[in-house]
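**Student:** One gets our numbering by counting positions in the sequence shown from 1 and adding 6 to each. We put the CB at the ideal spot given by N, CA and C, even for glycine. Structure in structure tokens, see below.
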Amino acid sequence: MSTPRTTDGMRGRRMLIVHSSDEMYGADRILLQVAAGARDLGVEVVVWLPDDLTHGATPLCHELERAGIAFDHVRLPIIRRANLRPAGVVRMLRDSWRLRARLRDADVDHVYCMTSACLLAAPAARSVRVASVGLHVQEMWSGKEAALLRALARFTTMRITISPAVDRAAQLTRPASVVVDNCVPHPDDPDARVPDGGPRPRYVVASRWNAWKGHRTLIDAWGRAGCPGLLTVLGGPPPSGAKVDVVALAAALDVPSSVEIVGEVPDVAPYVAAADALVLPSDEPEPFGLVLLEAFRQGRPVIASAAGGPLDIVDDGRDGWLFPPGDAEALAGLLQRLTVDDLADAGRHARRTYLDRYTPEVYRRRIAELLDAELTRVGR
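Encoded structure:
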């Protein structure tokens, strides 16, 4: 693709990013990088966040303020499972109508749906003659929801997916979607830190305690493997949906002290740095698994279930290891076999993978190229 035009070439263009969250998980962090890529072109960026969510200090808002990006909390028609019931559908339709009126006054050249949950913004934008509407697919589409999302995606003119696995599941055509691998920022220290090298491996798992995230599989495997080191558990229960009582599972182990429950933290990086490897044990396909890149960034290998994004990222046996989803016995075998030296060797390869494919510079350049092409197309 051609090199993006100079900043002056896009000066005066306005891009509205519509988002479905206000936290600092994977999609929220990627929003900051998309906004940075747009600003590299000279595009003015505004972010709209849902006004029905409260997450304490609103961490994403804090980061947007630090970056100097304008944002507002707006009543948005977010597609959540709870909203797919009759009362929720009525509410989403009402919110879509309100959004349409607000978009009419927004004076933007491009509306960007940051997640699939924001897709009702697409027909609203097109109905008020916004010519360019983007979609960033960060989820694995399946079942009845996939049919709804594909129908709404027809109102978009630019589609980005975060991994080949997500791209295959979305099945988007005309225009075809483009895969852009996610990224994570560089560490403060340009050289990845080396673990302390204790005699027993230290692992970390960092994800919401949703039922499908595989904590039950991991702790089952940990017990089968004889609690072979120290396992640090970050994250916490989701605000809605099926969840797992991780604390109770750990307490039932023969050696409960081998599992350290830390909970929610503002930054997983120090915990990843203190570990020899990260475990991503999801029972269902991960769209990408941004925490996987956090591990690679710090020179830590990943043990992940062989489904979704990790299949396209982890080179099994080189910069990490894969096991069948939900297979506690297979995971236990890996945990029993791998030594600190094995993990350190794979970690060196993981760091090289990160530098080659997943830096912010690579990501922002690609986003800028795609936005430049899209805004040039509609500006003819």
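What residues in its chain sit with their C-beta under 6 Å from that of ALA248, if we drop five residues either side in the sequence?
**Tutor:** So the qualifying residues of the chain are ALA217.
**Student:** Please name the residue, chosen from ALA336, ALA379, ARG372, that lies closest to VAL40 on a Cα-to-Cα basis.
**Tutor:** Ranking ALA336, ALA379, ARG372 by Cα distance to VAL40 puts ARG372 first.
**Student:** Who are the Cβ neighbours of MET227 in its own chain at under 7 Å, not counting the five residues just before and after it?
**Tutor:** Reading the sequence as shown, one finds Ala at residue 227 and not Met. Closer than 7 Å at Cβ, skipping near neighbours: ALA334, LEU337, ALA338, LEU341.
**Student:** In the DSSP assignment, the beta strand (DSSP E) including ALA93 goes from what residue to what residue?
**Tutor:** Taken as a continuous stretch (DSSP letters only), ALA93 belongs to no beta strand (DSSP E), being part of the alpha helix (DSSP H) at 92 to 110.
**Student:** Suppose you measure from the CA of ARG72 to the CA of ARG324; what does that come to, to the nearest Å?
**Tutor:** Spanning the two alpha carbons is a distance of roughly 38 Å.
**Student:** Sort GLU266, GLY295, ASP289 by Cα distance to ALA281 and report the nearest one.
**Tutor:** Measuring from the Cα of ALA281, the nearest candidate turns out to be GLU266.
**Student:** Report the CB separation of SER246 from THR121 in whole angstroms; it is logged as a contact under 8 Å.
**Tutor:** Not quite, the Cβ-Cβ distance comes to about 16 Å (not below 8 Å), so this is no contact.
**Student:** To the nearest angstrom, how far is it from the Cα of PRO92 to the Cα of SER148?
**Tutor:** Going from the Cα of PRO92 to the Cα of SER148 covers about 21 Å.
**Student:** Ends of the beta strand (DSSP E) at GLY269?
**Tutor:** It spans 265 to 269 - the beta strand (DSSP E) in which GLY269 sits, taken as one unbroken run.
**Student:** Verify whether the separation of the beta carbon atoms of VAL308 and GLY326 is less than 8 Å.
**Tutor:** Yes, the pair counts as a contact, with Cβ atoms nearer than the cut-off.
**Student:** Rounded to the nearest angstrom, how far is the Cβ of ALA301 from that of VAL320, given a contact under 8 Å?
**Tutor:** About 10 Å; that fails the 8 Å criterion.
**Student:** Throw me the rounded Cβ distance for the ASP187 and ARG363 pair, which I believe falls under 8 Å.
**Tutor:** Sure, about 6 Å apart at Cβ, within 8 Å.
**Student:** For ALA310 versus LEU328, is the C-beta spacing smaller than 8 Å?
**Tutor:** Yes. Within cutoff.
**Student:** Buried or exposed: which applies to GLU4, given that a residue is buried once 16 or more other Cβ atoms fall within 10 Å of its Cβ?
**Tutor:** With the chain represented from 7 up to 386, any question about residue 4 goes unanswered, as that position is not in the structure.
**Student:** Give a yes or no on whether the C-beta atoms belonging to PRO287 and VAL211 are separated by under 8 Å.
**Tutor:** Contact flag set, yes.
**Student:** Under 8 Å between the Cβ atoms of LEU296 and ARG35?
**Tutor:** Yes, these two residues count as a Cβ contact at 8 Å.
**Student:** When we look at the beta-carbon of LEU55 and count the other beta-carbons within 10 Å, is it buried (16 or more) or exposed?
**Tutor:** Classification for LEU55: buried.
**Student:** For a test of the three-state rule: what should DSSP assign to ALA137, helix, strand or coil?
**Tutor:** ALA137: coil per DSSP, three-state reduction.
**Student:** Considering Cα atoms alone, identify which of GLU375, LEU361, ALA379, ARG370 is closest to HIS192.
**Tutor:** Looking at the Cα atoms, LEU361 is the closest of the given residues.
**Student:** Starting from TRP327, trace the beta strand (DSSP E) in both directions and tell me its first and last residue.
**Tutor:** TRP327 -> beta strand (DSSP E) spans 326 to 329.
**Student:** Comparing alpha-carbon positions, which option in VAL24, ASP58, PRO65, ILE75 lies nearest GLY48?
**Tutor:** Considering only alpha carbons, the answer is ILE75.
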